[in-house]
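Some notes on the structure that comes next.
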Amino acid sequence: MKQFVKFFLRVVTRVGVIPCLYILSPFVILKLGILYNQRIGHIAINTEMVMRRLRLIPPARRTIILAGVFDPANETLVRMYSRVFRIFVSRQYVRYLFAVSDIFENTPFWETFPWRPEQHTRENFTILNTSEPILSFTADEMRRGAELLRQMDIGKDDWYACIHAREQSYFSKWRPELAEHWGKVKFRNIEIDAFEKAAHRITESGGNAIRVGALTDRVLGGRDETRMIDYAGKFRSDFGDVYLLSHCRFFLCSNSGLNMVSTIFNRPIGIANAIPLNSYPFHTYDLFIPGFVVSKENGEPVPFPVLQDMGFFAGGANLLTYSERLHAEGLKPVGNSAEDIDDLCADLLEIANGNSFCVNAVEEQDAYHAKYFDFLEPGTQVGKISPRFLYKYRHLIFPDTC
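In the numbering used here, the protein residues as written are 1324 to 1725.
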């Protein structure tokens, strides 16, 4: 029966829907498409980049997008984007689109929402770095956000930074049937405890540190103990995720999709434990610190040029292949220390306070980009390595100059 229904829908699409769309096309272009629904990061950046491009380079004729999504990872983002273009939250509509997508892909009536390595182009990053966010909050949403902050004892004139650790518990609870897969990519995880020192720095600088995330390993202790407000364990909601990450002074995080929410709202982010080593944030004012790779035999960190020669900085490296390669070479990844994350936080505070790094630091950041991100199109501007990290580990990053 399912095969018959699919066959019927494909016939109707070919002989009925497509011809009608061509008839309408001199007056209006109707474009169908499927939003990525499973991960908040993809809902955010995939959709944002399509919309920013269309805003910058509008089509010659009036175009209406009729996108479909079902059971999205964050309903608030979908609702906000639906104020910009038409989104149908419908299982039936999405099933129809999947059944006929290959037909539409060969016509002018299909809109894709990709964000794969091949979309990491100089043009796309220029658009991202020189344009304003697509989304905005209504007055009611702003009041709701202010109420959330009040519940966490944050005043209207107080500032805050968000903190997130990529934890195994999220994946184990979200899709337990993929336990084997999660085990192979767990080298990207990091403990929330590694961010406590940075949280102290934020509070000592007059701010509030808010732990965000979902399905976390544990609820944190009191604010006096960790210096963090445990929004993830005590206050979390779909709306809160979007509001907090779009209004924070900066987002100190590990390498996960949640940082894309701050990215689409042009908020500065700092990524700790950026691994695979070809990872980077997208805005020129963003920072990152790479994770280390050490020898299983002696525990010594492997110099970056050696890792580059082994292919660990290559663009578009598959996560599973990356994990298997490390194992085959007798290597293992090691996450950043609390001290290194605190240094990253210190650099983020410099940016947040409007300060610039010294000329030598900027030159070395550019040298790192030129050497280790040579897989990017020339002239592509993305986030930069943290100056304090670069100075501290210069002997591993640029050993020939030490």
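Note that the Cβ used here is the ideal one computed from N, Cα and C, for glycine as well. Small disclaimer: the values here were computed from a predicted structure and weren't measured.
Query raised in the report: Where does residue 1325 land, buried or exposed, given buried means 16+ other C-beta within 10 angstroms?
Result: With fewer than 16 other CB atoms across the displayed protein chains lying within 10 angstroms of its CB, residue 1325 is exposed.
Query raised in the report: Do residue 1680 and residue 1598 have their C-beta atoms within less than 9 Å of each other?
Result: Residue 1598 is positioned such that its CB atom lies no closer than 9 Å to that of residue 1680.
Query raised in the report: Are the region 1400-1416 and the region 1335-1346 in contact at 8 Å, needing three or more beta carbon pairs?
Result: Touching, no, given that fewer than three Cβ pairs across the two stretches are closer than 8 Å.
Report task. Determine the contact status of residue 1618 and residue 1563, defining contact as a CB-CB distance below 9 Å. Result -> In this structure, residue 1618 sits away from residue 1563, with a CB-CB distance that is not shorter than 9 Å.
**Report entry** CA nearest to the CA of residue 1438, picked from 1615, 1479, 1373
**Finding:** Selection 1615, 1479, 1373 evaluated against residue 1438 yields 1373 as nearest (Cα-Cα).
Report task. With a floor of 3 residues, list each beta strand (DSSP E) that falls wholly inside the region 1420-1496, ordered by position along the chain. Result -> Runs of the beta strand (DSSP E) inside the region 1420-1496: 1483-1487.
Report task. Count the other CB atoms, across all protein chains shown, that sit within 10 Å of the CB of residue 1590; report buried if there are 16 or more and exposed otherwise. Result -> Under a 10 Å Cβ-count criterion, residue 1590 is classified as buried, with 16 or more other Cβ atoms of the shown protein chains found around its own Cβ.
Requested in this report: Work out the CA separation of residue 1379 and residue 1633 for me, nearest whole Å.
Outcome: Distance between the alpha carbons of residue 1633 and residue 1379 is about 40 Å.
Report task. Would you mind giving the Cβ-Cβ distance between residue 1577 and residue 1487, rounded to the nearest angstrom? I have them listed as a contact below 8 Å. Result -> Their Cβ separation, rounded to whole angstroms, is 6 Å, which keeps residue 1577 and residue 1487 in contact under 8 Å.
Report task. Drop a sphere of 10 angstroms on the beta-carbon of residue 1356, count the other beta-carbons inside from all chains shown, and report buried for 16 or more, exposed for fewer. Result -> With 16 or more Cβ atoms within 10 Å of its Cβ, residue 1356 is classed as buried.
Query raised in the report: Is residue 1612 near residue 1659, with beta carbons less than 9 Å apart?
Result: Yes. Within cutoff.
Requested in this report: Starting from residue 1412, follow the beta strand (DSSP E) in both directions and report where the run begins and ends.
Outcome: First-last of the beta strand (DSSP E) with residue 1412: 1409-1412.
Query raised in the report: Can you check whether the CB of residue 1533 is closer than 9 Å to the CB of residue 1484?
Result: Yes, they are a contact pair.
Requested in this report: Spatial neighbours of residue 1709 within its chain, please: CB distance less than 6 Å, with the 5 preceding and 5 following residues excluded, ordered by chain position.
Outcome: 1610, 1612, 1667, 1670.
Requested in this report: List the whole-angstrom C-beta distance separating residue 1627 from residue 1719, where the pair is believed to meet the contact cut-off of C-beta under 8 Å.
Outcome: Yes, residue 1627 and residue 1719 are in contact; Cβ-Cβ is about 6 Å, under 8 Å.
Query - Neighbour-count burial assignment, residue 1370, 16 or more Cβ in a 10 Å radius - result: By the neighbour-count criterion, in which 16 or more other beta carbons inside 10 Å mark a residue as buried, residue 1370 falls on the buried side.
Query raised in the report: Three or more C-beta pairs closer than 8 Å, one from the region 1542-1558 and one from the region 1470-1480: is that the case here?
Result: In short, these stretches touch, since the Cβ pair count reaches three.
Requested in this report: Return the CA-CA distance between residue 1595 and residue 1517, expressed in angstroms with no decimal places.
Outcome: Residue 1595 and residue 1517 have their alpha carbons spaced roughly 10 Å apart.
Query raised in the report: When the Cα atoms are used, what is the spatial distance from residue 1684 to residue 1581?
Result: For the pair residue 1684 and residue 1581, the Cα-to-Cα distance works out to about 28 Å.
Query raised in the report: Would you call the region 1518-1533 and the region 1448-1460 in contact, with 3 or more CB pairs under 8 Å?
Result: No, because fewer than three Cβ pairs between the region 1518-1533 and the region 1448-1460 fall closer than 8 Å, the two stretches do not touch.
Query raised in the report: Should the region 1710-1717 be regarded as contacting the region 1456-1465, the criterion being three or more beta carbon pairs within less than 8 Å?
Result: The region 1710-1717, when compared against the region 1456-1465, does not touch it at the 8 Å Cβ threshold.
Query - Beta-carbon spacing of residue 1432, residue 1354 below 9 Å - result: Contact: yes.
Query - Boundaries of the alpha helix (DSSP H) in which residue 1531 is found, first to last residue - result: Careful: residue 1531 lies outside any alpha helix (DSSP H), inside the beta strand (DSSP E) at 1531-1534.
**Report entry** Inter-residue Cα distance where the pair is residue 1434 and residue 1420
**Finding:** Distance between residue 1434 and residue 1420, taken at the CA atoms: about 11 Å.
Report task. Identify every residue that forms a DSSP beta bridge with residue 1624. Result -> In the DSSP output, where bridge partners are listed per residue, residue 1624 has 1617.
Query raised in the report: What are the boundary residues of the alpha helix (DSSP H) that includes residue 1683?
Result: Run containing residue 1683: 1682-1695, per the alpha helix (DSSP H) assignment.
Query raised in the report: Hey, residue 1601 and residue 1635: beta-carbon distance below 9 Å or not?
Result: Contact: yes.
**Report entry** Between the CA atoms of residue 1711 and residue 1276 - distance to the nearest angstrom
**Finding:** For residue 1276 there is no data in the structure shown, the boundaries of the chain being 1324 and 1725.
Query raised in the report: If we call anything under 9 Å between Cβ atoms a contact, is residue 1721 one with residue 1638?
Result: Going by C-beta atoms, residue 1721 is not nearer than 9 Å to residue 1638.
**Report entry** Counted within 10 angstroms of its Cβ, other Cβ atoms place residue 1425 as buried (16 or more) or exposed
**Finding:** So residue 1425 ends up on the exposed side.
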